[in-house]
Amino acid sequence: MTNDTTAPLPGGPETAEPPAPVPASRIPELLHAAVAAVGGTERPGQVRMAEAVAAAVDEGEHLLVQAGTGTGKSLAYLVPALAHGDRVVVATATLALQRQLVERDLPRTVEALHPVLRRRPLFAMLKGRSNYLCLHRANEGTPSDEGEGLFDPVDALGGPTGKLGQDVLRLRDWAEETETGDRDDLTPGVSDRAWAQLAVTSKECLGASRCAYGEECFAEQARERAKLADVVVTNHAMLAIDAIEGAPVLPEHGLLIIDEAHELVNRVTGAATAELTVGAVNRAVKRAAKLANEKAVDALQAAAENFHGLMETAQPGQVDELPEYLGYAVAAVRDACRQVITSLGETRDKGLTDEDAVRKQAMASAETLHETADRLLTGSEYDVIWIERSDRFGPGTASLRVAPLSVSGLLRENLYRDRSVVLTSATLKLGGDFNGVAGSLGLPGETRLPDHRTPDGPAAESGEDAPPYWRGLDVGSPFTYPKQGILYVAKHLPPPGREPDRPEMLDELAELIGAAGGRTLGLFSSMRAAQTAAEKLRERLDVPILLQGEDTLGELIKGFAADAETCLFGTLSLWQGVDVPGSACQLVVMDRIPFPRPDDPLMSARQKDVEAHGGNGFMAVAATHAALLMAQGAGRLVRAADDKGIVAVLDPRLATARYGGFFRSSMPDFWYTTDRNQVRRSLAAIDASAPPVKQR
-18 MTNDTTAPLP
-8 GGPETAEPPA
2 PVPASRIPEL
12 LHAAVAAVGG
22 TERPGQVRMA
32 EAVAAAVDEG
42 EHLLVQAGTG
52 TGKSLAYLVP
62 ALAHGDRVVV
72 ATATLALQRQ
82 LVERDLPRTV
92 EALHPVLRRR
102 PLFAMLKGRS
112 NYLCLHRANE
122 GTPSDEGEGL
132 FDPVDALGGP
142 TGKLGQDVLR
152 LRDWAEETET
162 GDRDDLTPGV
172 SDRAWAQLAV
182 TSKECLGASR
192 CAYGEECFAE
202 QARERAKLAD
212 VVVTNHAMLA
222 IDAIEGAPVL
232 PEHGLLIIDE
242 AHELVNRVTG
252 AATAELTVGA
262 VNRAVKRAAK
272 LANEKAVDAL
282 QAAAENFHGL
292 METAQPGQVD
302 ELPEYLGYAV
312 AAVRDACRQV
322 ITSLGETRDK
332 GLTDEDAVRK
342 QAMASAETLH
352 ETADRLLTGS
362 EYDVIWIERS
372 DRFGPGTASL
382 RVAPLSVSGL
392 LRENLYRDRS
402 VVLTSATLKL
412 GGDFNGVAGS
422 LGLPGETRLP
432 DHRTPDGPAA
442 ESGEDAPPYW
452 RGLDVGSPFT
462 YPKQGILYVA
472 KHLPPPGREP
482 DRPEMLDELA
492 ELIGAAGGRT
502 LGLFSSMRAA
512 QTAAEKLRER
522 LDVPILLQGE
532 DTLGELIKGF
542 AADAETCLFG
552 TLSLWQGVDV
562 PGSACQLVVM
572 DRIPFPRPDD
582 PLMSARQKDV
592 EAHGGNGFMA
602 VAATHAALLM
612 AQGAGRLVRA
622 ADDKGIVAVL
632 DPRLATARYG
642 GFFRSSMPDF
652 WYTTDRNQVR
662 RSLAAIDASA
672 PPVKQR
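All residue numbers for the sequence shown refer to this note's numbering, where the first residue is -18 and numbers rise by one.
This is the structure we're talking about:
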């Protein structure tokens, strides 16, 4: 997806020369024009943020900006970015914000700034290759792991009756009409399994020069547009790959803006995590059997069977070092994959041009398994290895996983060199300062260039090991939180245990929902707790209760927003992914402080590592993780200037534990109380004064 300005447009002189930056003194004027163009309202915090971004770019600094909901932070960073003149990459975590930037904010801002800039900067969206439909697979067939049964059974006309087969045929039809090939432009969507039949990873791709559809390739066209664009909008996953792989996947740029920056550590950790599963090894065997020699395939088959047998009895949990028996099994997988890779390479010159796609898919599987197995066997003090038992790959299936102990060093080494970086979110300050989040992002200790230094002066001479220069800025929120919301902690409840069925908590929740007349977003620390609460309260309350997992997230949020009496219960994605302004959401309930599970191998290892270095592991890891979620969850309540309501935390530790103040200071500045009667009166008053929710 891109704008149409691929050539100079009428309306003012355009130039091929590098544009001169607009003086920082004109930033407020440009911001005013942009805000007017999108029909928004200029906020003081928005102006402060725009000026700070411009200053950071001019001074060669990095900037962390906390900008509360309603600040208008997108325009606050886009305006100085466009005015600066260098290429900008904007990386964000959610599809909704990517679409808002490309379809709404950027087109209007570019037009609004044209009279001053005397140019119309180009912009484009760029995602990973697997997000785009592969024309080779759509037209030449799919090297499917589903075998001959992909399109079985068939109807009287010979068409597939199964959902998977129908979706694949619909994708092939869509390939002939779509202009982007972007999965997110497909409505309605299809399952991951169906999409995988007609998409490829970068390792599976034949390459534009060898593929018959290289010139038409959607992924290649997106890359070409990005090369020409002044603003490239991408996602955190692409940014993570760019930082981890060493080979750049993003075009060169002078300014990087990371929106929703509180999500970045998790996204980078996810990209740097690898796993060895029985299913992946078996798929590699299937793929190798099509082209590799019999000896290599037999070796991989034997390794797969041995690995499968050992993993059936493997106990979940962290392993400091692979047990000898498991090490032998992983080594057998690694060595067999090397044989397969060698064999597939030997067939490359035998004229099997019709089977290139099959070979690339088999090679990709073998290479990925080889890399993961080698990483598991090599071991590193900077990696955490554990056995995980999950139903993702079949009932009770176990897998070996390896993840980085920390990504802060990786980010410090790869993110902040040769460009200014602006990181922004509504939640970057935890416990009253930026240090916790900044440290996790590779920015330890706030350091700002003194006024007499410049990026070309003493700062640049301090060497590659010098810490990146940065500062933090909180521009506040346009909302008056103490007047719009109450933070209520149910201090009288017993502390939560491990069981999701907490009778006293459910009684409290039922009373709160009754007083609110529905209108409740229930945020639970586990899916089991959300399911238990929904099951019990559906029997006790005469209001609709929607539950995450019973429909798509989009449909659930739409249903919640459309009916004033409706409640919505769910877990992690609801803590951060719900934007429902107005009277449909007037009570946000958190069942407990969302500490990571005590048996979470990665979190436990990170906590121990902090303690080994003399720090407070609990506060640095567990409390920081939970505080970030609680800040995000509390932010679901007030989404507009006239919103009012209650955030209720049904965990007394927020009021009684020593760390309670840390959590409360990380959340919006609501009026705080532990008085249950006051809260019920307030909810009843809000419910009585709330306008009816209109059907959407």
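Don't be surprised by glycine CBs; every beta carbon is placed ideally from N, CA and C.
Counting the other CB atoms within 10 Å of its CB gives P579 a total below 16, which places it among the exposed residues. DSSP places D163 in the strand class (E or B) of the three-state scheme. Looking at the DSSP output, L257 bridges to L381.
DSSP, read as helix, strand or coil, puts M571 in strand.
M106 and L358 have their C-alpha atoms some 38 Å from each other. Approximately 6 Å separates the beta-carbon atoms of L245 and H217; this is inside 8 Å, confirming the contact. With respect to the 7 Å criterion, A636 and V470 are classified as neighbours on the basis of their beta carbons. The three-state secondary structure of Y363, taken from DSSP, is coil. In the displayed model, G641 falls within a helix according to three-state DSSP.
In the three-state scheme derived from DSSP, where H, G and I count as helix and E and B as strand, R500 is classed as coil. Rounded to whole angstroms, G326 and A270 show a C-alpha spacing of 14 Å.
Taking 4 residues as the shortest admissible run, the region 517 to 602 contains the following complete alpha helix (DSSP H) segments, listed from N- to C-terminal end: 534 to 543, 553 to 558 and 582 to 593. Assigned with DSSP and collapsed to three states, A273 falls in coil, not helix or strand. By the 16-neighbour rule on beta-carbons within 10 angstroms, H473 is exposed. Note on geometry: alpha-carbon atoms of E40 and M600 lie some 33 Å from one another. Taking a cut-off of 8 Å on C-beta distances, the region 201 to 210 touches the region 100 to 119, as three or more cross pairs fall below it.
Between the region 89 to 99 and the region 259 to 268, the count of C-beta pairs closer than 8 Å stays below three; the two stretches do not touch. Residue ranges of uninterrupted alpha helix (DSSP H) with 4 or more members, entirely inside the region 196 to 221 and ordered along the chain, are 199 to 209. Here DSSP, grouped into helix, strand and coil, assigns S663 to helix. Three or more Cβ pairs closer than 8 Å define a contact, and the region 73 to 83 falls short of that threshold against the region 23 to 33.
Collapsing the DSSP output to three states places H43 in a strand. Distance from the Cα of E394 is smallest, within the candidate group G595, A156, V97 and P425, for P425. Straight-line measurement puts the Cα of A622 at about 22 Å from the Cα of G498. With a 10 Å radius around the Cβ and a threshold of 16 neighbouring Cβ atoms, L528 comes out buried. When only Cα atoms are considered, V212 and A242 end up about 18 Å apart. Under the three-state reduction of DSSP, E23 is assigned to coil, being neither helix nor strand. With respect to the 7 Å criterion, V278 and A586 are not classified as neighbours on the basis of their beta carbons. With a beta-carbon spacing of about 16 Å, F199 and G170 fall beyond the 8 Å limit used to define contacts. Proximity of the region 498 to 511 to the region 548 to 564 meets the contact definition, three or more beta-carbon pairs being nearer than 8 Å. Linking T215 to A224 through their CA atoms gives a straight-line distance of about 14 Å. Beta-bridge analysis with DSSP links L87 to no other residue. Contact between the region 48 to 57 and the region 18 to 29 is present: 3 or more CB-CB pairs across the two stretches fall below 8 Å. Non-local beta-carbon contacts of V311 in its own chain, meaning distances under 8 Å to residues more than five positions away in sequence, involve L257, F288, L303, A354, L357, L358 and L381 in chain order. In the same chain as A604, and ignoring 5 residues on each side of it, the C-beta atoms closer than 8 Å to its own belong to F576, Y640, F643 and F644, in chain order. In the assembly as shown, A666 is an exposed residue. Its beta-carbon has fewer than 16 other beta-carbons within 10 Å. Excluding the 5 residues flanking it on each side, G457 has same chain C-beta neighbours closer than 7 Å at G26 and G49, in chain order.
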